[in-house]
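Heads up: the sequence shown at position 83 corresponds to 217 in our numbering, and the numbers run straight through without jumps. Structure record follows, encoded as structure tokens.
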Amino acid sequence: MPTLLALESSCDETAAAVMVDGQLRANIIAAQLDHAPYGGVIPELASRLHQQQIVRVVEAALREAKVDKSALDAVAFTQGPGLLGALLVGTSFAKAYAFALGIPLVAVNHMQAHVLANFLQPNPPEFPFICLTVSGGHTQLVLVRDYLNMVVLGETIDDAAGEAFDKGAKLMGLPYPGGPEIDKLAARGDAGFHDFPTPRTAEPLQFSFSGLKTALRYLLRDGLAADPDYVDKHEADIAAAYQHRIISILLDKLALAAREQGVQHLAIAGGVSANRELRQRFQALCDENGWQAHIPPFAYCTDNAAMIAMAGHLRFLAGDHAGLDVAPYTRGFERA
Ligand code: KG4
Ligand code: ZN
């Protein structure tokens, strides 16, 4: 059974984990707070911060796991999707490390790893199941037939769900990242305050959020024209109504996919699965329909290297090693 070092550097978290015999021994994350004043991730800044932090993060993970690098059997890393410059840092580091130690490299798809975060908990889903992966960069419905056999049933054609939260929050003058801010405000608001539209998509399992953001922009514009204190007075209600619509869109499509596929187990993954309304309504939806609900612990929902270790462990056991000519990719669900 392998001892693995795993690296994640696809966006704005520099992360390393150590997994021994499928058991997580260390999970270190250096979040990049430097992006906050810009209201979003600045790709070049992310690459530079990964470059500065990666050695320290890897050393911390090995130290915490009490594993010497000579005991490692493989180095797993996020090959894509993500920001190219950010991915290049993790990929180059992984290659150099594996080459120096004379051990295999294991390339991991970040979106598959988000799904596999569900296996980092004691009560994992049974195959086949559907996972709704909702993050700042992605919104996907994935049919999971086996650990390494997944099919994307539907995804967003414009903004990701997390982006809808973050951009909506920005319009309301809230700090970045806006998802947790809207979540907090919504808890004391009235979702009936405004009826946001449900965007139409050509395919029933596709998602679209850009129209929702535009509807929010017009609501704020019209409200502010009538009353300069409109946002201050109604921010909790606006947040509640906006969040309610995002969650309804997500769960309606998830339910449709579950019925179409006839699965008994459903899971959610990604940073937006931290949202309280999503968690509550996801559980309620599953209870009503007799489906088993699975939500990974929050630390494994947002970007982390524990999920890369889990995916890397499974790929390593399947004998799926990458060559030293491996290169990152910015989009896609399968290895390039
Ligand atoms: O998975 P993640 O950490 O990074 C990406 O791969 O994008 O997801 C980050 C996203 C951000 O858009 C953030 O606003 C959103 O997750 N998020 C939330 C909540 N916590 C984080 N959205 C809604 N409610 C939350 N409580
Ligand atoms: Zn992610």
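Where a beta carbon is used, it is the ideal one built from N, C-alpha and C, also for glycine.
Go ahead and pull the three-state DSSP assignment for residue i.
i	result
residue 155	coil
residue 348	helix
residue 354	helix
residue 135	coil
residue 214	strand
residue 245	helix
residue 294	coil
residue 301	helix
residue 458	coil
residue 91	Past the boundaries of the shown model lies residue 91; the chain is included only from 135 to 470, so the question cannot be answered.
residue 279	strand
residue 470	Bear in mind that the predicted position of residue 470 carries a pLDDT of just 47, short of 50, making it unreliable; the figure below should be weighed with that in mind. It is coil, neither helix nor strand.
residue 408	helix
residue 341	strand
residue 141	strand
residue 255	coil
residue 166	coil
residue 128	This structure leaves residue 128 out entirely; the chain is present only between 135 and 470.
residue 321	coil
residue 189	helix
residue 239	strand
residue 208	strand
residue 336	coil
Looking at the unbroken beta strand (DSSP E) that takes in residue i, where does it start and where does it end?
i	result
residue 263	263-268
residue 285	283-289
residue 427	426-428
Count the other CB atoms, across all protein chains shown, that sit within 10 Å of the CB of residue i; report buried if there are 16 or more and exposed otherwise.
i	result
residue 147	buried
residue 293	buried
residue 231	buried
residue 369	buried
residue 172	exposed
residue 481	Here the chain has residues from 135 to 470 only, and residue 481 is not among them.
residue 153	buried
residue 315	buried
residue 233	exposed
residue 151	buried
residue 434	buried
residue 396	exposed
residue 358	exposed
Just to confirm the assignment, what range does the alpha helix (DSSP H) spanning residue i have?
i	result
residue 401	Counting along the chain, residue 401 falls outside any alpha helix (DSSP H), though it belongs to the beta strand (DSSP E) covering 399-403.
residue 172	It is not in any alpha helix (DSSP H) - residue 172 carries neither H nor E in the DSSP assignment.
residue 445	440-451
residue 308	Neither: residue 308 is in no alpha helix (DSSP H) and is coded neither H nor E.
residue 471	With the chain covering 135 to 470 only, the question about residue 471 has no answer from this structure.
| field | At least 3 beta-carbon pairs within less than 8 Å: the segment 438-453 vs the segment 137-146 | value | yes
| Taking three-plus beta-carbon pairs below 8 Å as touching, is the segment 361-372 in contact with the segment 331-347? | no
| said: Can you confirm whether the segment 260-269 touches the segment 232-242 when touching is taken to mean that 3 or more C-beta pairs between the two stretches lie within less than 8 Å? | reply: no
| query | Can you list every residue whose CB sits closer than 5 Å to some heavy atom of ligand 3, going in chain order? | reply | Within the structure as shown, ligand 3 is missing, the only ligands being ligand 1 and ligand 2.
| request: Report yes or no: do the segment 364-379 and the segment 314-330 share at least 3 C-beta pairs separated by less than 8 Å? | output: yes
| request: Give a yes or no on contact between the segment 249-257 and the segment 170-190, applying the rule of three or more CB pairs nearer than 8 Å. | output: no
| query | Is the number of C-beta pairs between the segment 303-315 and the segment 280-293 that are closer than 8 Å three or more? | reply | no
| task | Taking 8 Å as the threshold, find out whether the segment 419-428 comes into contact with the segment 451-470 through three or more Cβ pairs. | result | no
| query | Using 8 Å as the Cβ pair cut-off and three pairs as the minimum, do the segment 401-413 and the segment 217-233 touch? | reply | no
| query | Does the count of Cβ pairs from the segment 203-214 and the segment 162-178 closer than 8 Å reach three? | reply | no
| said: Does the contact criterion of 3 or more C-beta pairs under 8 Å hold for the segment 432-441 versus the segment 151-166? | reply: yes
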